[in-house]
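FYI, the numbering for the sequence shown is 0 to 100, going by numbering that gives the first Met the number 0.
Cβ coordinates follow ideal geometry from the N, Cα and C atoms, glycine included.
Single-structure report; data block below.
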Amino acid sequence: MSKKTEKAQPPPKEAKKPLTETVPEAPKEEAKPEKPQKAPKPERKKKKEKSIYKLYKTENDKAIRLRPVCERCGPGYFMADHGNRYTCGHCGYTRYKPAER
Ligand SMILES: [Zn+2]
């Protein structure tokens, strides 16, 4: 009986290859046409509410109109304060403020 001696095989020497991939350089992609930068859509702005509430002031549970109403158009049509005069935006009626002082 002959004993077979297993000869441990030395691990194959792995020659470390320098990683030189010979990948043909891909032609550089042409610069993509610049996309028109879309600005993020701004949220729809709410229409400016006509701040009617600004024309009223409540005092002692009573609504006080801070602007005069148009004489021509009647109540409900306030006149805009233009400094020295009030103007009705509805009919164009202008009333000068009584000179103060
Ligand atoms: Zn008016």
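ask   = Using the beta-carbon count (16 or more within 10 Å), is cysteine 87 buried or exposed?
value = Position 88 of the sequence shown holds residue 87. Classification for cysteine 87: buried.
inquiry  = Can you find the residues in the same chain that come closer than 8 Å, C-beta to C-beta, to valine 68, ignoring five residues on each side of it along the sequence?
reply    = As a position in the sequence shown, residue 68 is number 69, starting the count at 1. Around valine 68: Pro74, Gly75, Tyr76, Phe77 and Met78.
inquiry  = Which complete beta strand (DSSP E) runs does the segment 39-72 hold, if anything under 3 residues is left out?
reply    = 55-58 and 61-64
Residue range of the unbroken beta strand (DSSP E) whose run includes cysteine 87 = Locating residue 87 in the sequence shown gives position 88, where the first residue counts as 1. Taken as a continuous stretch (DSSP letters only), the beta strand (DSSP E) holding cysteine 87 covers 84-87.
query = Between cysteine 90 and the rest of its own chain, which residues show a CB-CB distance below 7 Å, the 5 nearest in sequence each way excluded?
reply = If you number the sequence shown from 1, residue 90 lands on position 91. So the list reads Cys69, Arg71 and Cys72, once near-sequence residues are dropped.
task = With DSSP as the reference, label threonine 93 as helix, strand or coil.
result = Taking the first residue of the sequence shown as 1, we reach residue 93 at position 94. Three-state result, threonine 93: strand.
task = Go ahead and pull the three-state DSSP assignment for alanine 79.
result = Translated into the one-based positions of the sequence shown, residue 79 becomes position 80. The answer is strand: DSSP assigns alanine 79 an E or B state.
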